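A.B. asks: Structure incoming, see below.
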DNA sequence: TATTGTTATACTCTATAACTATA
DNA sequence: TATAGTTATAGAGTATAACAATA
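Residue numbers (our numbering), protein chains in the order written: chain A, 795 to 934; chain B, 795 to 934.
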């Protein structure tokens, strides 16, 4: 199979382009894409989510989540709360400042992303989103 | 935007899954996906391609191409030939053994890739390929 | 002066194993 | 015994800058 038709190659190449562009766009926020995705998940439900869940959803190793949460926590964007139901688990929840930063960062990230994806129409982007969602099997 | 609808996130997650699976499938060949892609390009035209072209096509830094070609060259899979038209450039060409290894590796890579992509029909994979090709703007 | 390949360096990302505390 | 979080470490991938040889 020619490289230009190799889906694995095309995926990793496209991902590289978008991640690079998004990281550049996020520079002013002090975040990079991985920390941004952790912050986004931490800000969704009021109570936060356990690090184990974060790792599973993001496809990261639990030890990587520790580092990213450490980083966000030092910046005052998230906090680790004890789980009321499991003494081992810690729930990662966004702080008010974290939600504020997330809002600004989301706009920056969207800009960087569209720099690479604007060659596709909104409908085509929706198709791409739908296909990739099936591959990723995004949990909840 | 929810993370599950974030095209950048979906791309990098899907890419990660496929690359991981492909690297695992390639293990017996001694190659990893990046070296595999260099070998594939080196084996296409009889005369090979310059490292600068390889870097551009693969989206890698020229210094990364040096390392990958070193690796493939040590394994006897490619060789650096002097360019007949440019004394600075070196053409990277696959050896007979390189073509042999490539053929086997291609089958392994396809297997590992389909492990992650089999949830999409052939037609859906073609759609995905077409959309990603536009994003990547694959040169020649 | 610009480009090709190279070397060196640092940073980010990924992968593993081992440890602790709780379940 | 199993799981959540943590620590440590090594390897792979990415990004930059500087240099020699050639254009």
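We put the CB at the ideal spot given by N, CA and C, even for glycine. Note that this is a predicted model, so its numbers are computed, not measured.
Taking the Cβ atom as the reference point for each residue, do residue 979/A and residue 863/A lie within a distance shorter than 9 angstroms?
C.D. replies: Nothing in the structure corresponds to residue 979/A, since chain A is present only between 795 and 934.
A.B. asks: Which stretch, first to last residue, makes up the alpha helix (DSSP H) that contains residue 909/A?
C.D. replies: Locating residue 909/A in the first chain gives position 115, where the first residue counts as 1. That run of the alpha helix (DSSP H) goes 890 to 911.
A.B. asks: Using a Cβ cut-off of 9 angstroms, pull out every chain A residue sitting near residue 837/B, in sequence order please.
C.D. replies: Along the second chain, one-based indexing puts residue 837/B at 43. The premise fails here: residue 837/B is roughly 10 angstroms from chain A at the closest Cβ pair, so nothing lies under 9 angstroms.
A.B. asks: Nearest by alpha-carbon distance to residue 892/A: which of 842/A, 854/A and 803/A is it?
C.D. replies: The sequence position of residue 892/A within the first chain is 98, counting from 1. Ranking the options by Cα distance to residue 892/A, first place goes to 842/A.
A.B. asks: Does residue 902/A have its Cβ less than 9 angstroms from a Cβ in chain B?
C.D. replies: Reading the first chain from its first residue, position 108 is the one you call residue 902/A. So, not an interface residue.
A.B. asks: Using DSSP with H/G/I as helix, E/B as strand and the rest coil, what is residue 914/A?
C.D. replies: Taking the first chain and counting its residues from 1, one reaches residue 914/A at position 120. If DSSP states are grouped into helix, strand and coil, residue 914/A belongs with coil.
A.B. asks: Quick one: residues in its chain with C-beta nearer than 8 angstroms to the C-beta of residue 832/A, no 5 flanking neighbours on either side, listed in chain order?
C.D. replies: Start at 1 with the first residue of the first chain, and residue 832/A comes out as number 38. Correct list, in chain order: 848, 852, 859, 862, 863, 866, 872 and 886.
A.B. asks: Closer than 9 angstroms by beta-carbon distance: list the chain A residues that pair up with residue 922/B, in chain order.
C.D. replies: As a position in the second chain, residue 922/B is number 128, starting the count at 1. Result: 801, 804, 805, 921, 922, 925, 926 and 929.
A.B. asks: Take the Cβ of residue 903/B as the centre, count every other Cβ of all protein chains shown within 10 Å, and call the residue buried at 16 or more, exposed below.
C.D. replies: By 1-based counting over the second chain, the position of residue 903/B is 109. Label assigned to residue 903/B: buried.
A.B. asks: Taking a contact to mean a Cβ-Cβ separation below 9 angstroms, would you say residue 898/B touches residue 815/B in this structure?
C.D. replies: As a working mapping, residue 898/B is identified with position 104 in the second chain. As a working mapping, residue 815/B is identified with position 21 in the second chain. Contact: no.
A.B. asks: Is residue 829/A buried or exposed, if buried means 16 or more other CB atoms sit within 10 Å of its CB?
C.D. replies: In the first chain, residue 829/A corresponds to position 35, counting from 1. When all chains shown are included, residue 829/A counts as buried.
A.B. asks: Name the DSSP beta bridge partners of residue 876/A, please?
C.D. replies: For this step, residue 876/A is matched to residue 82 along the first chain. Note: residue 876/A sits in a beta bridge opposite 884/A.
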